[in-house]
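Residue numbers (our numbering): 8 to 204. A short worksheet on the structure shown next.
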Ligand SMILES: [Zn+2]
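Take a look at the structure:
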């Protein structure tokens, strides 16, 4: 949480980090340097169980490194949301981030989808609605009666406005987005990267 960091330390550090390329760490190249930008590969649109998933980039370096910096090093996304803005449907009314399970949020000090949604909200002017609540933890082993392995069980905190879309940092199998869509009745998701085979 940006607002909870010690005031004496966080402003200069945050300012400096917000200047880095999120792909390679080069200074004064935020959000991505020209070298990384040239290597980013657009991801195809996918439909997974009724959810339209639009992703900016294929999940390979340097896009994978961007996600890693957001997820595990709490790098501020800054203006990164600008790269997602072209993927947002015209009739979108609000952005609903897919929350990280709480134990990971505590461990890494950041919820990357929330930060990405906030960055996108700053660019587009769309409100961020934290409508979903993540579970504390997701068991890695398969549950009883064939329950999907590692699938978060989201609950809904608030009403979801018509025209809302889901925001997440990365999509792999799509199971997490499908679970979030089922709770919110949202049918469109936008992610920074997509692991495509
Ligand atoms: Zn770079």
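Even for Gly, the Cβ is constructed at its ideal location relative to N, Cα and C.
Query	Result
Residue 117, DSSP secondary structure in three states	coil
The segment 178-189 / the segment 70-89 touching (three or more Cβ pairs under 8 angstroms)	no
beta-carbon residue 72 near ligand 1 non-hydrogen atom, thresh 6 angstroms	no
Beta-bridge partners of residue 206, as assigned by DSSP	Lying before the first or after the last residue shown, residue 206 is absent from the chain, which here runs from 8 to 204.
Residue 36 - containing alpha helix (DSSP H), residue span	It is not in any alpha helix (DSSP H) - residue 36 carries neither H nor E in the DSSP assignment.
Proximity to residue 194 [Cα-Cα], best of 29, 202, 31, 56	56
Residue 126 classed as buried or exposed, judged by whether at least 16 other C-beta atoms fall within 10 angstroms	buried
Cβ neighbour criterion (16 or more within 10 Å) applied to residue 110	exposed
Coil, strand or helix - residue 3 by DSSP	The structure shown has nothing for residue 3, since the chain only spans 8 to 204.
Counted within 10 angstroms of its Cβ, other Cβ atoms place residue 198 as buried (16 or more) or exposed	buried
Check whether residue 102 and residue 61 have beta carbons under 7 angstroms apart	no
C-beta contact flag for residue 172 and residue 124 at 7 angstroms	no
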